[in-house]
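What follows is a single structure, written as structure tokens, with notes after it.
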Amino acid sequence: MKLYFSPEACSLSPHIVLNELGLPFTPVKVDMTTKKAADGRDFLAINPKGYVPALKLDNGEVLSEGPAIVQYLADLKPEKKLAPANGTFERVRLQEWLNFITSELHKTYSPLFNPDMPDAAKAIFRGKLEQRYAFIAKTLDSQDYLLGTRFSVADAYLFVVTRWARHFDIDVTRWPSLARFMERVGARAAVKLALNAESQAKKAA
């Protein structure tokens, strides 16, 4: 498999999941400005949507959209229990969290990365993010992870997008349980491995 990624982007989530599962893969950095991949290919020919992540499977199929990719990966090694089994109510709960993170966090951060966005508008988006984090913290007040006691692909995704908070004056220590969650997930070996690899890739740019 090939994971097309951009350092510190949302593609860090499947990168972490691949490490957690111990699956062999080749990370391929994408220049998001030129849409050129480090393997020399035109990224738009791989994923016409033009954004990461994209996962090219050994059979030539390409998957896009982070929540879909991480569920596919988790199902390759169900014994690792990064996602509840398909068809269970617990799996629907996982999908509920993935959808919440992608629509209410990920896409709310997106305008903040736009340098042309007026400060007043950015303040509105920051306020919405703070409301969403307060909601998440209520869950984490009583359990270590979004689904309870076990780390899941939803936790990897939450960790990745919440790392962006530091760029926009959102102090996660306002929510102690969320801050503890970030420390807990950041201490995982698979997470450290992914962060180090993407840091090195960024330096090589």
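According to our numbering, the stretch in the sequence shown is residues 3 to 207, in order. We put the beta carbon where it would ideally sit given N, CA and C, even for glycine.
#1: Can the beta-carbon of methionine 34 be found less than 8 angstroms from the beta-carbon of serine 8?
#2: Given this structure, state the Cα-to-Cα distance separating alanine 136 from glycine 42, to the nearest angstrom.
#3: Excluding the 5 residues flanking phenylalanine 153 on each side, which residues of the same chain have their C-beta closer than 6 angstroms to its C-beta?
#4: Would the stretch 103–113 count as touching the stretch 156–176 if we require 3 or more Cβ pairs under 8 angstroms?
#5: Any contact between the stretch 76–92 and the stretch 40–55? By contact I mean 3 or more CB pairs, one from each, below 8 angstroms.
#6: So, at 6 angstroms on beta carbons, what are the nonlocal neighbours of leucine 195 in its own chain, with the 5 sequence-adjacent residues on each side left out?
#7: Under a three-way DSSP split, which group does lysine 51 fall into?
#8: Taking C-alpha atoms, which residue in Gly150, Leu142, Pro117 and Gly62 lies nearest to phenylalanine 93?
#9: Tell me the residue span of the alpha helix (DSSP H) that contains phenylalanine 208.
#10: Mind checking isoleucine 138: buried by the 16 CB within 10 Å criterion, or exposed?
#11: Out of Leu96, Glu185 and Leu131, point me to the one whose CA is closest to serine 112's CA.
#12: Rounded to whole angstroms, what's the CA-CA distance from lysine 140 to phenylalanine 161? Just pull it up for me.
#13: In three-state DSSP terms, what is proline 29?
#14: Below 7 angstroms CB to CB, which residues in the same chain sit around aspartate 170 once its five sequence neighbours on both sides are set aside?
#15: Determine the DSSP secondary structure at serine 66, reduced to helix, strand or coil.
#16: Rounded to the nearest angstrom, what separates valine 193 and methionine 119 at their Cα positions?
#17: If you reduce the DSSP assignment to three classes, tell me which class glycine 129 lands in.
#18: What residue range does the beta strand (DSSP E) around lysine 4 cover?
Result, derived from the coordinates:
#1: Position 32 of the sequence shown holds residue 34. Position 6 of the sequence shown holds residue 8. Contact flag set, yes.
#2: Residue mapping note: residue 136 aligns to position 134 of the sequence shown, counting from 1. Residue mapping note: residue 42 aligns to position 40 of the sequence shown, counting from 1. Approximately 43 angstroms between the Cα atoms of the pair.
#3: Position 151 of the sequence shown, counted from the start, is the residue given in the question as residue 153. Result list for phenylalanine 153: Tyr147, in chain order.
#4: Contact between the stretch 103–113 and the stretch 156–176 is present, because at least three Cβ pairs lie under 8 angstroms.
#5: Proximity of the stretch 76–92 to the stretch 40–55 falls short of the contact definition, fewer than three beta-carbon pairs being nearer than 8 angstroms.
#6: Position 193 of the sequence shown, counting from 1, holds the residue named residue 195. Within the same chain, leucine 195 has close Cβ partners Asn21.
#7: On the sequence shown, position 49 is the one that residue 51 refers to. DSSP places lysine 51 in coil when its eight states are reduced to three.
#8: As a working mapping, residue 93 is identified with position 91 in the sequence shown. The sequence as given places arginine at residue 93; phenylalanine does not occur at that position. With distances taken between Cα atoms, arginine 93 lies closest to Gly150.
#9: What is shown of the chain runs 3 to 207, which leaves residue 208 out entirely.
#10: Position 136 of the sequence shown holds residue 138. That one is buried.
#11: Here residue 112 corresponds to residue number 110 of the sequence shown, with the count starting at 1. Out of Leu96, Glu185 and Leu131, the CA that lies nearest to the CA of serine 112 is found in Leu131.
#12: Here the question's residue 140 lines up with position 138 in the sequence shown. Here the question's residue 161 lines up with position 159 in the sequence shown. Between the C-alpha atoms of lysine 140 and phenylalanine 161 there is a straight-line separation of about 16 angstroms.
#13: The residue you call residue 29 lines up with position 27 of the sequence shown. The three-state secondary structure of proline 29, taken from DSSP, is strand.
#14: If you number the sequence shown from 1, residue 170 lands on position 168. First, the residue type needs correcting, since residue 170 is phenylalanine and not aspartate in the sequence shown. Once the five neighbours on either side are set aside, the close Cβ partners of phenylalanine 170 are Leu114 and Arg128.
#15: Residue numbering aside, residue 66 sits at position 64 when the sequence shown is read from its first letter. Note: serine 66 maps to strand in three-state DSSP.
#16: Start at 1 with the first residue of the sequence shown, and residue 193 comes out as number 191. Start at 1 with the first residue of the sequence shown, and residue 119 comes out as number 117. Straight-line Cα distance between these residues: approximately 32 angstroms.
#17: Counting from 1 along the sequence shown, the entry for residue 129 is found at position 127. Three-state result, glycine 129: helix.
#18: Locating residue 4 in the sequence shown gives position 2, counting from the first residue. Lysine 4: member of the beta strand (DSSP E) spanning 4–7, first to last residue.
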